[in-house]
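Residue numbers (the working numbering): 2 to 756.
Here a beta-carbon is modelled for each residue, glycine too, at the ideal position from N, C-alpha and C.
Just so you know, these numbers come straight off a predicted model, no measurement behind them.
The block underneath contains the structure these notes are about, expressed in structure tokens.
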């Protein structure tokens, strides 16, 4: 798949064949029904095969045929119903933030000025109803509130109506416009009602207050929504803007966006690493806590990898750029978080359908309440019918319903990113808490994934000459090409000051290595090879070698002349946190399985160390996928955790797939979640985060539905025959605004939860 150069927020990809995919910011949306309208207008554009608009992230994700439709055509379609599309791929992030900030400041100003004009209207309407020319004063003050500060509601409602659509603006415009026109008529022609023995009531204060409350609710909502995306802002803030480029003997500061693969870059003490690469000269300690979660800085030598966003602690070093722009680990993390926050959970898709039909249903209910009052209301039927009509339209605004799921998902994904849990889509976050069976790969998941020296024991005779013997062993392994040699070199690196110059070196293919130094002959190899050389093994080392072999460790002998002077044990070490994480999962009633392609003895040893009783060894990649199917056929909801290419088939089959951050790119691409630090202790945290997020969604949906379920009948006047109570539109407007803010606030509570 070819990816064009984009910012992290805006991506356009060429899909196989003639389709292209794009993700672009949408501006001008004010509610969930707006997102439905925007989505449907783009989806109905010829050449667009799929469109998805997320209200919480204000983004459009679209699949289209570039031969039939252009991005500018989609922009024009959105503009025709009052929205806009940011198609500047170079500065999309900045333009969207700038538009949001401008919108927030304008909304703040509108709310304040509208509030100042509305205050005297409320005072007159509530306390000085008989004030001379009071109705005229209220009409003069209410008109600018509706048709200047609230003009967007009417303009957008008109645009929607032209396309046969309706959204929240339709409800607001109809309700406040109806109340205002009714009040203007009563002010201009009071004798119409006097002739019928009725008092001409006006509802200017209701119209003005509804507009102010809705503006206030949107202001609070905008501020709250900006808090939900703070994780993205923090991650983007880790990217440095400039970097020192080394050219020959000169260094110059250039924008990080100009860096190309192969450039040599300089990082000084206290600076952030700008892109991913490999140290070419110098050494230092780098704070990699943003990737690993570990607070202790990591030593960096020539040949070590460095990652964008990490912070250089001491000294300076030069490195060769290997991954730049959108290819860096940090950019991938940002992209994953953004995509996940923009994705929709299954429950959200249902809510979207409800929101899509909600507005016309509410309008019908409002008309029914008006007609019912006209028929059954007697002398005051028209007045109270209009009041009920206005109140139903105001109180039924679907904002709370539309925000219920996406805000919880956004906060959940953001909190996961802060904890080192990358969530690719909302569906996995919604499903993870339901898992009752988890399959773990062994290598790289439960274990470190690379061989390390676990033990080095010297013979009694050689114990007093360790330093020179270590130097000889270190120097031999440095020249060896055997896969296990690197483990020995890493183990001895801190104990040997420098390598010695060997007199001769010989690699015995498949068996070991041989060298001479200072007149002595040294060999390193497997027990089988050393025994074939008729070399004796001291009694004190013999039983130890057998113990290590039984523990599924690889044993290596180091000999001097005709004697074994040391034995080493090499193993893929079990991570320190694996056993604890597995125990926590089992305590929660989750069945834990281990599948590995390794031999049965090694599998049994690792399973015993971490407390897993269900395991299978020597399994092929397809066997892992089949095992997932088998558990699913038994009715289990299965999670698969792996790190290698051989796990990708099983990861794709599982209900929830989880990759280790230090694993293969393919495993990470297939998996729906990634544990950045490859620490299994993040797995129980991910499941808890899923449960907390789903609970927040359920709470939000409960309050959104219960609010409308109770509010609409009361607004229609069902309590009036029994208690003489008719809900005032002002109170309805305040309640509507409060419901949206309460849903967002409930979602933000997730931030304070401990995982």
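Could you give the uninterrupted runs of the beta strand (DSSP E) lying entirely in the region 526-607, keeping only those of 3 residues or more? 555-561, 564-575 and 592-596
Per DSSP, what kind of secondary structure is residue 523 in: helix, strand or coil? strand
Evaluate residue 379 with the Cβ neighbour count: other Cβ atoms within 10 Å of its Cβ, from every protein chain shown; 16 or more gives buried, anything less gives exposed. exposed
In the structure shown, what three-state DSSP assignment does residue 419 receive? helix
Enumerate in chain order the residues of its own chain whose CB-to-CB distance from residue 739 is below 6 Å, with the five nearest sequence positions on each side excluded. none
CB contact flag (residue 441, residue 675, <8 Å): no
Minimum C-alpha distance to residue 139 - residue among 110, 208 and 178: 208
Pairwise C-alpha distance: residue 682 and residue 469: 41 Å
Would you please state the rounded distance, in angstroms, between the beta carbons of residue 653 and residue 640? I believe it to be under 8 Å. Not confirmed; about 13 Å, so no contact.
Would you report the Cα separation of residue 242 and residue 364, rounded to the nearest angstrom? 51 Å
Give me the Cα-Cα distance between residue 381 and residue 211, rounded to the nearest whole angstrom. 23 Å
Could you check whether the region 692-712 touches the region 451-469, counting it as contact only if at least three pairs of C-beta atoms, one from each stretch, sit closer than 8 Å? no
Are residue 427 and residue 744 touching if we call contact CB-CB under 8 Å? no
What span of residues does the beta strand (DSSP E) with residue 25 cover, start to end? 21-28
Cβ of residue 571 within 8 Å of Cβ of residue 488? yes
Determine the extent of the alpha helix (DSSP H) in which residue 130 is found, giving its start and end residues. No alpha helix (DSSP H) contains residue 130, which DSSP labels as neither H nor E.
Decide if residue 141 is buried, meaning its Cβ has at least 16 other Cβ atoms within 10 Å, or exposed. exposed
To the nearest whole angstrom, what separates the beta carbons of residue 503 and residue 516, a pair I think is in contact under 8 Å? 5 Å
Have a look at 475, 481, 22 and 604 and flag the residue whose alpha-carbon is nearest the alpha-carbon of residue 495. 475
Is the beta carbon of residue 463 closer than 8 Å to that of residue 567? yes
Span separating the alpha-carbon of residue 262 from that of residue 276: 9 Å
My output table needs one value for residue 134: the three-state DSSP class, helix, strand or coil. coil
Nearest-angstrom Cβ-Cβ length linking residue 38 and residue 88, presumed shorter than 8 Å: About 19 Å; that fails the 8 Å criterion.
Spatially closest choice to residue 158 from 148, 482 and 173, by CA coordinates: 173
Give me the residue from 563, 519, 551 and 386 with the minimum Cα distance to residue 537. 563
Output the residue ranges of the alpha helix (DSSP H) runs that lie fully inside the region 461-501 and measure 4 residues or longer, sorted by chain position. 467-480 and 486-493
Other residues of its chain near residue 372: CB distance less than 8 Å, five sequence neighbours each side excluded: 386
Buried or exposed by the 16-neighbour rule on C-beta atoms within 10 Å, applied to residue 477: buried
By a C-beta neighbour count over all protein chains shown, 10 Å radius and 16 as the cutoff for buried, is residue 505 buried or exposed? exposed
Quick one: residues in its chain with C-beta nearer than 7 Å to the C-beta of residue 756, no 5 flanking neighbours on either side, listed in chain order? 420, 686, 689 and 690
Sequence-distant residues of the same chain with beta carbon closer than 7 Å to residue 467, five excluded per side: 459
Rounded C-beta distance between residue 246 and residue 317? I'm assuming under 8 Å. Not quite, the Cβ-Cβ distance comes to about 14 Å (not below 8 Å), so this is no contact.
C-beta contact flag for residue 443 and residue 621 at 8 Å: no
What residues are listed by DSSP as bridge partners for residue 458? 568
Can you tell which of 513, 523 and 23 has the C-alpha that lies nearest to the C-alpha of residue 560? 523
To the nearest angstrom, how far is the alpha carbon of residue 507 from that of residue 634? 56 Å
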